[in-house]
Amino acid sequence: MGGSLRHLFRRPDRPRARLLRARTTDGEPMSGSAFRRPRLLPSLLVVVTVAGGLAAAKNAQGIGELLGHTDWARVVPALLLTAFAYACISAGFVALGRVVGVSAPRWPMMRIAFVSVAVNQLISFGGVVGYSLRAVLSRRYGVATGDALAMSLVHSYLNNLAMFVLLAAGILQLIRDPATDEAWRRTLQASGVLVVVFFMVSSSAMFHARLRAVLVGGTAGLARRLLPNRWASPISLALRDLDFALGRMATGLRNDPMAAFWPCAFLVMDWVAALGVLWYCLDAVGEVVPLGVLVGGFSVGVVAGFASLVPGGLGVQDGSLAAVLALQGVPLQDAVIGVLLFRIVYYVVPFLATLPVYTTFLRNREVVTGNG
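If you're matching positions, the sequence shown starts at -19 in the working numbering and goes up one per residue.
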């Protein structure tokens, strides 16, 4: 597969930066027809703002419970760690440009990544909202839709692998916990084996085209048999795009193995910072939680929210996280309030902070080509 993609990895010419009008079409190698309408951006931003506002309002319903139970001085480190985590996510996304062979201006892409990640974290529908916004905004800086989608898919894939590593650590912590019921412990052991197998297969698929072809073909065939065509067809397209993006990444890493260092480093720093945010939020409501308990609750809660079909895991992630913390000895009331504070700090605040940035995207009609 790598041989057929060599034309995608030629070093682009680096002309002097110049301003030009964004075009309504470009030669994207992946399915990107949804982004060709010239007036899509204003409509998309309106949808994102309204949906995000509704999600933020839903999260703010319990803020009255926080007022009397929170040490707000402890929230400041949580906010700083949140900013650091989002900066790491954004930097990791931009660093992937080198891996998949995309030349893009660094700081505009950092800003685009930050905005789109904030949207995805709060109102994610499998990443569709953030990916669409990212693809539309990236075109204004000379990045083809297919290139932006490739970076998004690879970033999401690596992020999910990291999430399952964290889940394995959380399951191990719950298995070792003396308070865990024996039947529940056996269930966790079986789940842990499945997680390890999934991680190994997914990691191997990044670099083996034949294994990817088997997995993609099998999953697409299963979708066609079990689901209506209106659902199976988009799944097949998404799998094809993911296969294409991983092929680009594998070829890029074979040519430059060290290109993976910064994306992976930023990914690890992001997850560590997110754990720190949760710790400070629980500390702010008066509960100092050991690291093992924190990892156990956080990993299960995040995966439960990710696996649910509810936008942003609303309710599912919070309930799972609070329940697992309570099972490990954290008082239920403190767990519920701490998790609510975590959602507001880590999900709602970044989204609200990015709203003023949308106006700059609407005002700025020009794009810059070349490296920035």
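Where a beta carbon is used, it is the ideal one built from N, C-alpha and C, also for glycine. Bear in mind the structure is a predicted one, so any value in this text is a computation, not a measurement.
T199 to P57 span [Cα, whole Å]:
Approximately 43 angstroms, taken between the alpha carbons.
Supposed contact pair Y121 and P330 - C-beta distance, whole angstroms, cut 8 angstroms
Actually they are not in contact, since the Cβ atoms of P330 and Y121 sit about 22 angstroms apart, beyond 8 angstroms.
Mind reading off the beta-carbon distance from R119 to A264? Whole number of angstroms is fine, and I expect it under 8 angstroms.
Incorrect: roughly 41 angstroms between the Cβ atoms, too far for contact.
From R16 to F241, what distance separates their C-alpha atoms?
Legend: pLDDT at R16 = 44, less than 50; position of this residue unreliable, value from coordinates given subsequently. Near 34 angstroms, if we compare the C-alpha coordinates of F241 and R16.
Please classify N209: is it buried, with 16 or more other beta-carbons within 10 angstroms of its beta-carbon, or exposed?
Exposed, because fewer than 16 other Cβ atoms sit within 10 Å of the Cβ of N209.
With distances taken from CA atoms, which of G232, A193, G72, A71 is nearest S216?
Answer by Cα proximity: A193.
Let me know the alpha helix (DSSP H) ranges lying completely inside the segment 42 to 107, each 4 residues or longer, listed in chain order.
Fully enclosed alpha helix (DSSP H) runs of no fewer than 4 residues occupy 43 to 47, 55 to 80, 86 to 103 of the segment 42 to 107, in order along the chain.
Determine the direct distance from the alpha carbon of G172 to that of A148, and round the result to whole angstroms.
Roughly 6 angstroms between the two C-alpha positions.
Given a threshold of 16 other Cβ atoms within 10 Å of its Cβ, counted over all protein chains shown, does G362 qualify as buried or as exposed?
With the chain covering -19 to 352 only, the question about residue 362 has no answer from this structure.
Indicate the three-state DSSP secondary structure (helix, strand or coil) for L371 in the structure shown.
Residue coverage of the chain in this structure runs from -19 to 352, which leaves residue 371 outside it and unanswerable.
Between the beta-carbon of L76 and the beta-carbon of P243, is there less than 8 angstroms?
In this structure, P243 lies closer than 8 angstroms to L76 by Cβ.
So A93 and I69 are in contact, right, with Cβ under 8 angstroms, and what is the actual spacing, rounded?
Yes, A93 and I69 are in contact; Cβ-Cβ is about 7 angstroms, under 8 angstroms.
Sequence-distant residues of the same chain with beta carbon closer than 6 angstroms to G12, five excluded per side:
Summary for G12: the model assigns pLDDT 42, below 50, so the residue's position carries little reliability; its value from the coordinates is reported in the next sentence. Answer for G12: T125, G126, listed in chain order.
What residue range does the alpha helix (DSSP H) around A240 cover?
Per DSSP, A240 lies in no alpha helix (DSSP H) segment and is marked neither H nor E.
Please confirm whether any heavy atom of the ligand PLP lies closer than 7 angstroms to the CB of A58.
This structure simply doesn't include the ligand PLP, nor any ligand for that matter.
Give the straight-line distance between the Cα atoms of L332 and V80, rounded to the nearest whole angstrom.
The C-alpha of L332 lies about 31 angstroms from the C-alpha of V80.
Let's test the definition: count the other Cβ atoms within 10 Å of the Cβ of E267 and tell me whether it reaches 16, buried, or not, exposed.
That one is buried.
I need the boundaries of the alpha helix (DSSP H) containing P270, first residue and last residue.
Where P270 is concerned, there is no enclosing alpha helix (DSSP H), given that its DSSP letter is neither H nor E.
So, is L307 buried or exposed, given that buried needs 16 or more other C-beta atoms within 10 angstroms?
Its Cβ being crowded by 16 or more others within 10 Å, L307 is buried.
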